[in-house]
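These protein sequence lines map, in sequence, to chains X and D.
Residue -10 is where the first sequence starts when you use our numbering, and the numbers rise one by one after that.
Residue 63 is where the second sequence starts when you use our numbering, and the numbers rise one by one after that.
Heads up, the thing below is written out as structure tokens.
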Amino acid sequence: MILKRCALGLALALGTTPVAAGVDPLDAQEIVETLLGLDPSRHADPLTAMHGWGALYARQYAAAQAGDPIALRTWLLVGFASVARANAGPVEAFSGDLLPYYRAHPLKVLAALADNGWLVPATCFLVGNGFTHEGRSDVDRTAFLAEETPRINAKLPPASARACLDQIAAPRLP
Amino acid sequence: MADTYSIDILRKNKSGILTFVNGTINISETCWWDPEVVIDAGTYTGYATRMANKTDGTDGGKREAIWLGKDVPYNSGTGKSNGIFIHKGTDPSWSDGCIVLAAAKVYQVWSSIHPKEKGNITVTVRDETVQRGRALDWSCTDHRGAWG
């Protein structure tokens, strides 16, 4: 009886305690398979897989915009994988979306990068790419760098900060 | 209307010409690409589709595009991509590996292809080869001073 009460209490406690959503196992598997150059096993054919990668991007981006810190990190990982695999369509989506996201949430992005220095080259490349993406004028890159350099230097280790600022100033495929 | 379609891309130095003929539609239009990610010349199976993460389609939906399929080699075979498209754009800044051309022309091509989401397009990418005269004669290269 006591055991039953404890189990009930634990279940109620878990049910009412906010828990981070975590990474969906199927999304995680799809990202790993994509990084390894394998056909994503959750999709039946290449066309479905292409659309599936776009849907994965959209899910993580939407959740990151809603404030989910794990989704932000997963979205940045999708960016890393897209750059690594030259997945041009999604890279172009990041080039359009990541700079505005960074402008709105610089501390969240830098926190993710501080914990994952290996994400810095691809992420900062995509941020830097945003200044001229789709014919945008490059006029505010200098002002952005002036404003963000102290923050990036404060939040990232020196080597990561330097690498990030270099990529934002003059993006080159990592 | 045809059951299968052909798109030909002839690349020159920094831009190229995309050609598409289908019924009364006859398109020959300037196109561009990202010089850092250049797909290899070759023949690919294309699909008329939409790009999932771009919401600026000419018809108000997601961006219309032609997907070039799985394992498209790029940069002289140093890698293979599953995400190369032909889509709208006005210069190389619209591309991170895709081939881009004027939105109205992409829409014209895309609209005339039926059904969508099928590998019913043959996309041929070629590079212009320029022959600059003939190789120099043996006597002109190594023995230039022999006669005088």
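The C-beta atom is built at its ideal place from N, Cα and C for all residues, glycine as well.
Predicted, not measured: the structure shown is a model, and the values here were computed from it.
Member of the options whose CA lies at the smallest distance from the CA of residue i
| i | options | result |
| --- | --- | --- |
| X/ALA111 | X/PRO79, X/ALA93, X/GLN49 and X/ILE59 | X/PRO79 |
| D/THR66 | D/ALA166, D/GLY108, D/CYS160 and D/ALA127 | D/GLY108 |
| D/LYS142 | D/ALA110, D/SER155 and D/TYR106 | D/TYR106 |
| X/ALA158 | X/GLU123, X/ALA150, X/THR131 and X/PRO146 | X/THR131 |
| D/THR152 | D/GLY145, D/ILE161, D/ASN144 and D/GLY104 | D/ILE161 |
| X/PRO246 | X/VAL12, X/GLU22, X/VAL72 and X/GLY11 | The structure shown does not extend to residue 246 of chain X, since chain X is modelled only from -10 to 163, so the question has no answer here. |
| X/GLN54 | X/GLY41, X/LEU108, X/PRO14 and X/PRO95 | X/PRO95 |
| X/ARG235 | X/ILE59, X/MET39, X/TYR91 and X/ALA60 | Because chain X in this structure spans residues -10 to 163, residue 235 of chain X falls outside the shown range and cannot be described. |
Partner residues on chain X for residue i, Cβ-Cβ distance less than 9 Å
| i | result |
| --- | --- |
| D/GLY159 | ALA75, ASN76, ALA77, GLY78, VAL80 and GLU81 |
| D/TYR136 | ALA75 and ALA77 |
Three-state secondary structure assigned by DSSP to residue i
| i | result |
| --- | --- |
| D/SER157 | coil |
| X/ILE141 | helix |
| X/LEU36 | helix |
| D/PRO177 | coil |
| D/ASN84 | strand |
| X/SER71 | helix |
| D/ASP121 | coil |
| X/PRO89 | helix |
| D/PRO135 | strand |
| D/SER90 | strand |
| X/ALA101 | helix |
| D/GLU126 | strand |
| X/GLY11 | coil |
| X/ARG(-6) | Note that X/ARG(-6) has pLDDT 48, beneath the 50 cutoff, so the model's placement of it is unreliable and the number below is only indicative. Helix at X/ARG(-6). |
| D/ILE71 | strand |
Residue i: contacting residues in chain D (beta-carbon distance under 8 Å)
| i | result |
| --- | --- |
| X/HIS94 | Those within 8 Å of X/HIS94 in chain D number zero; the least Cβ separation is about 19 Å. |
| X/LEU162 | GLU98 and VAL99 |
Within chain D, partners of residue i - CB distance below 7 Å
| i | result |
| --- | --- |
| X/THR121 | SER155 |
| X/SER84 | ASP158 |
Cβ-Cβ separation, residue j to residue i (assumed contact under 8 Å), whole Å
| i | j | result |
| --- | --- | --- |
| X/ALA144 | X/ALA103 | In the sequence under discussion, the amino acid at residue 144 of chain X is Lys, which differs from the Ala named in the question. At roughly 6 Å, the Cβ-Cβ gap stays under 8 Å, so X/LYS144 and X/ALA103 are in contact. |
| X/THR121 | X/ASP127 | 5 Å |
| X/GLN18 | X/ARG31 | 7 Å |
| X/LEU99 | X/GLY68 | About 15 Å; that fails the 8 Å criterion. |
| D/VAL171 | D/PHE82 | 5 Å |
| D/SER138 | D/ASP102 | 6 Å |
Residue i Cβ short of 8 Å to the ligand MN heavy atom set
| i | result |
| --- | --- |
| D/ILE89 | Annotation note on the ligand MN: not contained in the displayed structure, which lists no ligands. |
Residue i: contacting residues in chain X (beta-carbon distance under 8 Å)
| i | result |
| --- | --- |
| D/GLY85 | Residues of chain X passing the Cβ test: none, with the nearest at roughly 26 Å. |
| D/THR152 | GLY124 |
Partners in chain D for residue i, counting only beta-carbon separations shorter than 9 Å
| i | result |
| --- | --- |
| X/GLY56 | The premise fails here: X/GLY56 is roughly 20 Å from chain D at the closest Cβ pair, so nothing lies under 9 Å. |
| X/SER126 | Residues of chain D passing the Cβ test: none, with the nearest at roughly 10 Å. |
Inset, instruction - Name, going along the chain, the residues of the region 33 to 52 of chain X whose beta-carbon falls closer than 8 Å to a beta-carbon of chain D. - result: Answer set for the region 33 to 52 of chain X: PRO35, LEU36, ALA38, MET39, HIS40, TRP42, GLY43, ALA44, TYR46, ALA47 and TYR50.
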